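Residue numbers (the numbering used here): 3 to 319.
Here you go:
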């Protein structure tokens, strides 16, 4: 089996800037990759209808617990390997360079596929938003290229610049979600708040792992995409052997709490017994179910907070 070989000595022109980012900055990057608002508008409605219905909040919580257990070993590896190519470096160090390269290619393809899907979702939402608000009728793919250019610019700039921009946007995004969720719990939904309907083992596993529960868990796992990126920033972080584990645990806990809390608020607003029917009714366009999944959260925000909140969310998406 081939072994990993030492890389050529780094120079100031080729090495990453060390000590540029701390725990909070890494957490912002990771949660931004998970994109809570995109998940709530795009993935959660589909998970509710195709998955275990009112049990979706419990699925997010269950996945958080599983990933926290996984992170014990993942964080332990970061104590011994500090490398921007985290997947390749970890797998390559443990199983050899051939397996490491294979894992790197799988990761690359997966991330590219997800990124293309997110760009497409952004383009569709932005095209509708700009047309409705300003009468600017550009095709969805035009907004995709604009988004791609902005991402490219931020990627070329120093990592701490991207962290600051993401920090501002992510804070606004989380505030919008939390305010809407609190408003739902304060005003109440069509039914009494039913914790068991969303978090009991029976609710989470409804339909079986091979059935609807498995679908919900799959969407939940996908919503945590990017949490493993904490190790990628090891070379650019301050005290990476402490920063990476702290950022990993913090990111998983925050993502889990936000997704579970807000999805539970959505279920409460729609009614645990009627949540699937409500999601279908609010997302159907031209008799096509789930054609506009974002309308589910936007309608809840408009109903419980105000139209202005739905508008803010549509821009933040």
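Virtual Cβ for every residue (Gly too), placed ideally from N, Cα, C.
These numbers come from a predicted model, not from an experiment.
Item: For residue 227, three-class secondary structure by DSSP; Value: coil
Item: 6 Å Cβ shell around residue 263 - same chain, five flanking residues per side excluded; Value: 183
Item: Contact check, residue 146 vs residue 121, beta carbons under 7 Å; Value: yes
Item: Exposure label - residue 173; buried when at least 16 CB within 10 Å; Value: exposed
Item: Bridge-paired residues (DSSP) for residue 307; Value: None; residue 307 has no bridge partner.
Item: Within 7 Å, strictly: CB atoms of residue 277 and residue 44; Value: no
Item: Backbone secondary structure at residue 4 - three-state DSSP; Value: With a pLDDT of only 49 at residue 4, under 50, the local geometry of the prediction cannot be trusted, and the value read off the model is given with reservation. Coil, per DSSP.
Item: Nearest-angstrom Cα separation, counted from residue 64 out to residue 234; Value: 25 Å
Item: Paired residues, beta bridge with residue 287 - DSSP; Value: 290
Item: Boundaries (first-last residue) of the alpha helix (DSSP H) holding residue 73; Value: 58-80
Item: Whole-number beta carbon distance between residue 171 and residue 38, since they are thought to touch under 8 Å; Value: With a Cβ gap of about 11 Å, residue 38 and residue 171 do not count as contacting.
Item: N-terminal and C-terminal residue of the alpha helix (DSSP H) that residue 128 is part of; Value: 99-136
Item: Continuous alpha helix (DSSP H) assignments of at least 4 residues falling wholly in the segment 159-189; Value: 161-189
Item: Same chain only: Cβ atoms within 8 Å of residue 316, ignoring 5 sequence neighbours per side; Value: 127, 131, 296 and 300
Item: Cβ pair residue 281, residue 51 closer than 7 Å; Value: yes
Item: Environment of residue 190 [buried if 16+ CB atoms lie within 10 Å]; Value: exposed
Item: Where residue 207 sits in the DSSP three-state scheme; Value: coil
Item: Rounded straight-line distance, which links the Cα of residue 149 to that of residue 117; Value: 11 Å
Item: Limits of the alpha helix (DSSP H) - the one that residue 52 falls within; Value: 46-52
Item: Nearest residue (CA-CA) to residue 302, options 267, 274, 293 and 319; Value: 267
Item: Cβ of residue 319 within 7 Å of any chain D Cβ; Value: The structure shown contains no chain D; it holds only a single protein chain.
Item: Beta-carbon proximity check, residue 25 vs residue 231, cutoff 7 Å; Value: no
Item: Run of the alpha helix (DSSP H) containing residue 200, from where it starts to where it stops; Value: 198-201
Item: Of the listed residues 271, 47, 61 and 273, nearest to residue 201 (C-alpha basis); Value: 61
Item: Burial state of residue 53, where buried means 16 or more other Cβ atoms lie within 10 Å; Value: buried
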